[in-house]
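Sequences listed follow chains P and H, in order. Residue numbers for the first sequence, in the working numbering: 46 to 221. Residue numbers for the second sequence, in the working numbering: 7 to 795. Backbone N, C-alpha and C fix where the C-beta goes; we use that ideal spot for every residue, glycine too.
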Amino acid sequence: MSIWRDIKGTIEPFWITLRNMFRPVVTVEYPEVRTELAPRYRGRLILTRDPDGQERCVACYLCSAACPVDCISMQATEAEDGRRYAAWFRINFSRCIFCGLCTEACPTMAIQVTGFFEMANRNPLETVWEKEELLVDHCGQEPDYNFYHHAGIGVAAARGENPGEDKPVDVKDLMP
Amino acid sequence: MPTLTIDNQTVIVAEGGSVLDAAIALGIVVPHYCYHPALGAVGACRQCAVTILEGSQKGLKMACLIPAEDDMQVSTCEEEAVAFRAQVGEWLMTNHPHDCPVCDEGGECQLQEMTIGAGHGIRRYRGNKRTYLNQDLGPFVAQEMNRCIQCYRCVRTYKDYCGGEDFGVMGSQQRVFFGRFKDGPLESDFSGNLIDFCPTGVFTDRTNRFRTRSWDLQQAPSICPHCSLGCSILPGGRYQELQRVRAGGNRLTNDSFICDRARFGSDWNNHPKRPREARISGEKVEFPYALELLEERLEKLVEEYGGETLRLLGSPRASFEANLLLKKLAEKYGAPAPYYDAHPRRAFAARMAASIPSGQLASLKQLRESDLILLVGVDPLAEAPVLALALRQAARAGARIVALDPRPLELPCDFEHHPLTQESLLRGLSAPEENELLESLRQQLETSQRPVLVGGGELLGGEGLRLLLHFSESCCGSHDCLIFPVLHGPNSFGGGILGATGDSNRNLIEDLENGNVRALICVETDPAIEHSEPGRMQLALSRLELLAVFDHLPTNTVATADIFLPTRTIYECAGTFINNEGRMQAFDPVLEPGIPIVVTGSGGHPPRQFETTPPGSAPRSAVHLLQWLLKDRNDLFGLRRQIIKELPCLRDLDRLAAGDNGRRIADCGDTLEESRTEIWAQEGELQVLPITARYGSDLYSRWSQSLTSRFEEPSVWIHPVEAAERGFVNGQKVVLRTVVGHFHLPLVFKAKMARGRLIVPCLPGTPLEVFTPGGLSLPCKIYSEVDNA
Ligand code: SF4
Ligand code: SF4
Ligand code: SF4
Ligand code: SF4
Ligand code: FES
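What follows is the structure, given as structure tokens:
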């Protein structure tokens, strides 16, 4: 009885291998050949700029709060014109699990995923990326959004000059 | 106490409570903005609608305005009320700038929470948003008016509660604006409360602008170290930096309000010069080595010359536990009992305050409820700012406030001021029956219901406080006349309890000068600044064989110490302070000690490797260092139990928890009957009185960089009549000669101060820092600069 099982067990794997040898190939010869990534593939993160070329990130700490593995840290600060930005911004990619939750949390569309994934490295410290390395020169997947044109506190446009805003009121006006 | 039912849950609320109070007590969220427990209800925001099913008023009502009644039935989920709240929430948001990501309130914003709580999510209104221009309100408070929802809490806080006069509501209709008439720094010493009380991000902390998010902050309930009132605070920090202070809530003391000195004066904790490494004769060493060396040298010294040559100096800044351990250390080495304040007059005042029967000590809450308050030798805004707020609340409820003080007092309420000199005050108290004013006040105190006498330890000294206690006994035979002593530091009272058994006439400086002392250990104090004669003290200190200092401030004494050990600040360790009303209050650590990341990274990315120091070398608390010397292995709780065994009047100490209301000490014993002889100058001689300035005179404000903008210009104050007699004009440059030096200062006329006196505020970083308040007035000479030349 068991001898039949043993014989079957010896032959079957060969048969499976043989059968699959004639099936179409699904893998590619990476790195010579590269596969087409899905448009929503979640790879390495970038910090994008708004259409005016300014840094989009306002250092609101929402991405770092959303990140399940706590790999984002930053320090907010204020520019001359009242713009809030990150004095420093650091992502530890050896911890990142590329879940994309940070991008969902980001209210300014600053942090975005890309299709870049080749980050293997022998030195763990080199997988810690700073703001200079994360910041790119384009808008990423959101070419039109500019946070400060929606948040009416007079940073990108003067107070009351954004679309959908009235001119600042004259407090001392006595008109009804 | 009415019992009512809300959403089928029954609750009992205090007499006078509202339906909203009842809902809050049950944990049912009824969105609300304009109501605040400390301010009361005005029904301005219309957000708290509920349905009253049974009760004297039925239907849709504002929960904050309806007093709770017995057998009331309330529902918060009736369709009509839910829709009403959602509608109001939506209205309030029509003009909101949608800038939460860049708003410092975000994450702890009542508007965020209550808008979601009211059921509003997506903006439907398509009209334009109203906008405002902001004002520059000075270095403490930032304004972003576009976020305002017109709840009026700010005006009720700033004007009504705190008595500020330069802020209010302006405009009409869609133009209602909350601010000053024109740009400029807010004048009130309580302006920071706007930040806590505004339910939106209109007012935020400028000193902490864009630095952190509430969810990232490490916070722990603590006690304010800036004066003796011990207000409860909630400090927060991050990245090893103390970043902000908010008011805690203790309805028996500060009741959700703190002063600006406390709120904006906390960055001394991160001072770049803060000493963080142990040093031996100025050389950095590992801290265990310094500690062992200290023990070795102490033992050798005691063996050779005996324990009497060792002196220990505690401090009103150090926790009660640390001061107590110092006493044990003295016992261990056979040294005389420690001093608990380097300033002998202040120390005696603390001892006297600690000996007042505890039932006779008023709390700030009792002060707010008083009907006649007599301030004797105390300037609330300088010595205990939140006391001024309590006075205002009493005055608003109809109390009369009478002040006897040589300084040109200002208070945020109406009061009667009698500018008497320090000496005539003391003389008057020593024979009140001969003094017309005191005699008439005595009669008024007798007829009032809940009188409180506030005595300033700094001006009156222990002797004055003793006289005040006698005065109170003489005038309040039929009912209690409570006393509210104002002392120097957060734990002065604790030092007073510990020092009660010692000899009050011992004086550190005399001991040092007569050469019998070879070693001195200072715990969190700088005798050279705290003593009334800094120059003399420095000289005396230099004669010591061994000066050991445990501290966390960059003082001169730290720099000259033979052995220096860094300690943790109150934000970095746990402990207890006993405030001026004899209330023991615990504080918890907020942060781990360490160099802030802004420093290690010079503002940019922090270095990849954080540890530059070996583990375990971070500063230890003074309690830990003293325990090491004493070989005491108790934890804090064990230590407190041990304290209770020795000092039964502190019997509730082990039941304290940080953030609670604290517990009053029980009677520690009989009233201290000893007195100290003080020679009070005669009227007529021109004398100079150094006083505490509103900002900068306490050691913590002195090292707090955010407060420097509030420091006054150095000047000498004089009564205009006095000046006219001598031919001086206002603003003239004069030369003031005193025993501590001579000073070139502008003369400033103050019409409301006492005659026959000059007043100088003690200001750090100016030549006037050599003056120490807390003594008697000093003889002086004054010339105009021209004559002098
Ligand atoms: S992708 Fe996920 S793990 Fe990576 S930084 Fe964003 S939130 Fe964190
Ligand atoms: S959530 Fe977006 S804007 Fe906020 S800190 Fe992260 S990247 Fe910057
Ligand atoms: S400024 Fe703040 S407290 Fe004042 S009315 Fe506006 S939202 Fe209310
Ligand atoms: S009154 Fe005194 S204890 Fe209270 S917050 Fe101000 S400085 Fe601190
Ligand atoms: S809280 Fe009741 S109306 Fe504002």
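Are the Cβ atoms of residue i and residue j separated by less than 8 Å?
i	j	result
H/P720	H/P773	yes
H/L45	H/L235	no
H/G470	H/P491	no
H/V147	P/I198	no
H/L447	H/L373	no
H/T698	H/C768	yes
P/P213	H/Y131	no
H/F477	H/L435	yes
H/S608	H/S272	no
H/G588	H/L367	yes
H/L559	H/L332	no
P/Y86	P/G160	yes
P/Y106	H/R219	yes
H/Q149	H/Q141	yes
H/P350	H/L319	no
H/L223	H/G243	yes
H/T575	H/F556	no
Mapping the DSSP letters down to three states, classify residue i as helix, strand or coil.
i	result
H/S262	coil
H/Q1	The question about residue 1 of chain H has no answer, for chain H in this structure spans 7 to 795.
H/D704	coil
P/A202	coil
H/W634	helix
H/L10	strand
H/A525	strand
H/Q180	helix
H/F270	helix
H/A565	helix
H/S446	helix
H/W686	coil
H/C768	strand
P/Y130	strand
P/V114	coil
Determine the chain H residues that contact residue i at a beta-carbon separation under 7 Å, and present them in chain order.
i	result
P/E210	N134, K135, T137
P/P152	P107
P/L114	The sequence as given places Val at residue 114 of chain P; Leu does not occur at that position. The contacting residues do not exist; P/V114 stays about 16 Å from chain H at best.
P/A121	F216, R217
P/G185	Residues of chain H passing the Cβ test: none, with the nearest at roughly 18 Å.
P/R129	V108, F216
Work out the CA separation of residue j and residue i for me, nearest whole Å.
i	j	result
H/N329	H/A506	13 Å
H/V308	H/L316	7 Å
H/H126	H/S238	35 Å
H/E314	H/R524	9 Å
P/Y130	P/A155	11 Å
H/Y577	H/V596	5 Å
H/P322	H/G581	13 Å
H/A730	H/N736	10 Å
P/F138	P/E177	15 Å
P/A252	P/V73	Shown here, chain P extends from 46 to 221; a query on residue 252 of chain P therefore has no answer.
P/A132	H/S707	28 Å
H/A324	H/D532	12 Å
What residues from chain P crowd round residue i, counting only those whose CB sits closer than 9 Å?
i	result
H/W221	Y106, A110
Given that residue i touches chain P, what residues does it touch there, using C-beta distances under 7 Å?
i	result
H/Q180	V214
H/W104	Per the sequence shown, residue 104 of chain H should be read as His rather than Trp. Simply H195, A196.
List, in order along the chain, the chain H residues whose C-beta lies closer than 8 Å to that of residue i?
i	result
P/T172	Ordered by position in chain H, no residue passes the 8 Å Cβ test against P/T172, which lies about 11 Å from the chain.
P/A202	Near P/A202 there are no residues of chain H at all, since even the closest Cβ is about 11 Å away, more than 8 Å.
P/V103	P107, V108
So with CB distances below 8 Å, who are the chain P contacts of residue i?
i	result
H/M176	V216, K217
H/N214	In chain order: nothing, as chain P lies at least about 11 Å away.
H/H611	W133, R135, E175, K176
Against chain C, with Cβ distances strictly below 8 Å, would residue i count as a contact?
i	result
H/F183	As a matter of chain content, chain C is missing from the structure shown, whose protein chains are P and H.
*Name all residues in chain order for which at least one heavy atom of ligand 4 lies closer than 6 Å to the residue's CB.*
H/C230, H/H232, H/C233, H/L235, H/G236, H/C237, H/N260, H/I264, H/C265, H/R267, H/A268, H/A390, H/P391, H/V392
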